[in-house]
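S.K.: Numbering (this note's numbering), first residue to last: -17 to 245.
Sharing a structure below in structure tokens format, with a few things to ask.
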Amino acid sequence: MYFSPTATTKTIIETIGKRLVKKNGIDQGITVDFTLPKQRENGPTFNSNDVLLIGVPVYAGRVPHILLNYLNTIKGNNTLSIPVVLYGNRAYEDALLELNDILVENGFSVIASGAFIGEHSYSDTLAKDRPDNTDLSIAKQFADSVYKKIENSARKKPIIKGNKPYRAYSSSKIDKKREKDRMQVEPKTDENCIDCKICAEACPVGCIDYNDVTKITGTCIICGACVKLCPTSSKYFDHPDYIHLKLALEKQYIDRKEPELFV
Ligand SMILES: Cc1cc2nc3c(=O)[nH]c(=O)nc-3n(C[C@H](O)[C@H](O)[C@H](O)COP(=O)(O)O)c2cc1C
């Protein structure tokens, strides 16, 4: 299962999932992509023979807030689970611990967990093109060690990094300003737009008007899907605080971070 507006989480979850399924000798697992609003109504229920591999991106060091209600509808019955987060080379802070806690509260037992790096949603230079081949081979090795642990009936819980209370949502400058001024950071559209509707169809909060894709009808979560998927590069953010944050992140987090695995 994954939520993945710009597809980095999807890539890692599919890589780990395919490897686990192949090792197990079954044809295919069941994939649930809960990126779009209509896919986030009621979560599935799992039994004790299932294994849930689930991934979300890190937003402000946390599990994306808009997912909390849906994640709490996914139920396990002493089901093994593998929570995974993708972050944009800054930090994952408390997101992995939070996802782990949500699963445990809903009847899952965590067997292993991992934090991987994906190209930052705001940028096409920060963690550019990640996950790359090195990340994918680490993801496969991770799947192999998780599989071995399951096969050996080892049930030792991994120690997962993170703090409680979790990081406050509005700790970045952009979040604080948004809260204070009800500032709307939302995508603009330039004259190269060909009205293909890809942006409206991809928006995970359904806030781009299908009939007039230049109109934003709800609260944009700045996930970057419309900007990164636009075939004519017509969608862009130009809010000064967004640009400031993007440039600061690109400047500060140049050093390559590596995946962290907890098995
Ligand atoms: C609103 C928002 C907040 C983010 N916060 C963080 C963060 O705290 N740390 C970080 O390293 N990356 C952060 N990112 C970047 C994403 O976690 C990263 O690009 C991830 O790979 C995106 O996943 P996706 O491709 O599945 O959408 C943030 C992205 C967005 C849209």
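Note that the Cβ used here is the ideal one computed from N, Cα and C, for glycine as well.
1. What separation, rounded to the nearest whole angstrom, lies between the Cα atoms of K197 and F90?
2. For ligand 1, any of its heavy atoms closer than 8 angstroms to the Cβ of A207?
3. How about I64 and S95: are their beta carbons less than 9 angstroms apart?
4. By DSSP, does A73 sit in helix, in strand, or in coil?
5. Does ligand 1 have a heavy atom nearer than 8 angstroms to the CB of L68?
6. Could you tell me which residues DSSP pairs with R44 in its beta bridges?
7. For T55, which beta-bridge partners are listed by DSSP?
8. When every heavy atom of ligand 1 is checked, does at least one fall within less than 8 angstroms of the C-beta of I141?
9. Would you call the CB atoms of G37 and L18 closer than 9 angstroms?
10. In whole angstroms, give me the CA-to-CA distance for I84 and N174.
11. Apart from the five residues just before and just after H221, which ones in its own chain have a Cβ nearer than 6 angstroms to its Cβ?
12. Please confirm whether any heavy atom of ligand 1 lies closer than 8 angstroms to the CB of I236.
13. So, is T55 buried or exposed, given that buried needs 16 or more other C-beta atoms within 10 angstroms?
14. Just to confirm my understanding: we take T199, look at its own chain, exclude 5 residues before and 5 after, and list those with CB closer than 7 angstroms. What are they?
15. What three-state label does DSSP hand S127 in the structure shown?
16. Would you check if there are 3 or more beta carbon pairs closer than 8 angstroms linking the region -14 to -2 to the region 117 to 126?
17. Who are the Cβ neighbours of D177 in its own chain at under 8 angstroms, not counting the five residues just before and after it?
18. State the start and end residues of the unbroken alpha helix (DSSP H) segment that holds E232.
19. Helix, strand or coil for D15, going by three-state DSSP, please let me know.
20. Less than 8 angstroms between the CB atoms is what I'm expecting for K138 and V92, so what's the real figure, rounded?
21. What residue range does the beta strand (DSSP E) around G96 cover?
22. Does the Cβ of K170 lie closer than 8 angstroms to at least one heavy atom of ligand 1?
23. Helix or strand or just coil, what does DSSP make of K(-8)?
24. With a threshold of 8 angstroms, are at least 3 pairs of Cβ atoms found where one atom belongs to the region 229 to 241 and the other to the region 100 to 114?
25. Does the Cβ of P(-13) have 16 or more other Cβ atoms within 10 Å, making it buried, or fewer, making it exposed?
M.R.: If we stick to the structure as given:
1. The sequence position of residue 197 within the sequence shown is 215, counting from 1. The sequence position of residue 90 within the sequence shown is 108, counting from 1. Taking the straight line from one Cα to the other gives about 41 angstroms.
2. Against the sequence shown, residue 207 aligns to sequence position 225. A heavy atom of ligand 1 is found nearer than 8 angstroms to the CB of A207.
3. Translated into positions along the sequence shown, residue 64 becomes position 82. Translated into positions along the sequence shown, residue 95 becomes position 113. In contact: I64 and S95 (Cβ atoms closer than 9 angstroms).
4. Mapped onto the sequence shown, residue 73 falls at position 91. Here A73 sits in coil by DSSP.
5. For this step, residue 68 is matched to residue 86 along the sequence shown. Checking every heavy atom of ligand 1 against the Cβ of L68, one is found closer than 8 angstroms.
6. The residue you call residue 44 lines up with position 62 of the sequence shown. Answer is Y41, bridged to R44.
7. Within the sequence shown, residue 55 is the residue found at index 73, counting from 1. Beta-bridge pairing links T55 to no other residue.
8. As a first step, residue 141 must be located in the sequence shown, where it is residue number 159. Checking every heavy atom of ligand 1 against the Cβ of I141, none is found closer than 8 angstroms.
9. Against the sequence shown, residue 37 aligns to sequence position 55. Against the sequence shown, residue 18 aligns to sequence position 36. No, the Cβ-Cβ distance between G37 and L18 is not below 9 angstroms.
10. Within the sequence shown, residue 84 is the residue found at index 102, counting from 1. Within the sequence shown, residue 174 is the residue found at index 192, counting from 1. Approximately 43 angstroms, taken between the alpha carbons.
11. Reading the sequence shown from its first residue, position 239 is the one you call residue 221. Cβ contact annotation for H221 (same chain, cutoff 6 angstroms, sequence separation greater than five): V167, in chain order.
12. If you number the sequence shown from 1, residue 236 lands on position 254. No, ligand 1 has no heavy atom inside 8 angstroms of this Cβ.
13. As a first step, residue 55 must be located in the sequence shown, where it is residue number 73. T55 should be labelled exposed.
14. Counted from its first residue, the sequence shown places residue 199 at position 217. Within the same chain, T199 has close Cβ partners C189 and D191.
15. The sequence position of residue 127 within the sequence shown is 145, counting from 1. Note: S127 maps to helix in three-state DSSP.
16. They touch, by the three-pair rule.
17. For the purposes of this step, residue 177 is taken as the residue at position 195 of the sequence shown. So the list reads V195, once near-sequence residues are dropped.
18. Along the sequence shown, read from residue 1 onward, the residue named residue 232 stands at position 250. E232 -> alpha helix (DSSP H) spans P222 to Q234.
19. Residue 15 sits at position 33 when you count from the first residue of the sequence shown. Shown here, D15 sits in a strand according to DSSP, grouped into three states.
20. As a working mapping, residue 138 is identified with position 156 in the sequence shown. As a working mapping, residue 92 is identified with position 110 in the sequence shown. About 11 angstroms separates the CB atoms of K138 and V92; that is not less than 8 angstroms, and the two are not in contact.
21. Against the sequence shown, residue 96 aligns to sequence position 114. Counting along the chain, the unbroken beta strand (DSSP E) around G96 starts and ends at S95 to I99.
22. Translated into the one-based positions of the sequence shown, residue 170 becomes position 188. Within 8 angstroms of the C-beta of K170 there is not a single heavy atom belonging to ligand 1.
23. As a working mapping, residue -8 is identified with position 10 in the sequence shown. Helix, per DSSP.
24. Segments in contact, yes.
25. Within the sequence shown, residue -13 is the residue found at index 5, counting from 1. So P(-13) ends up on the buried side.
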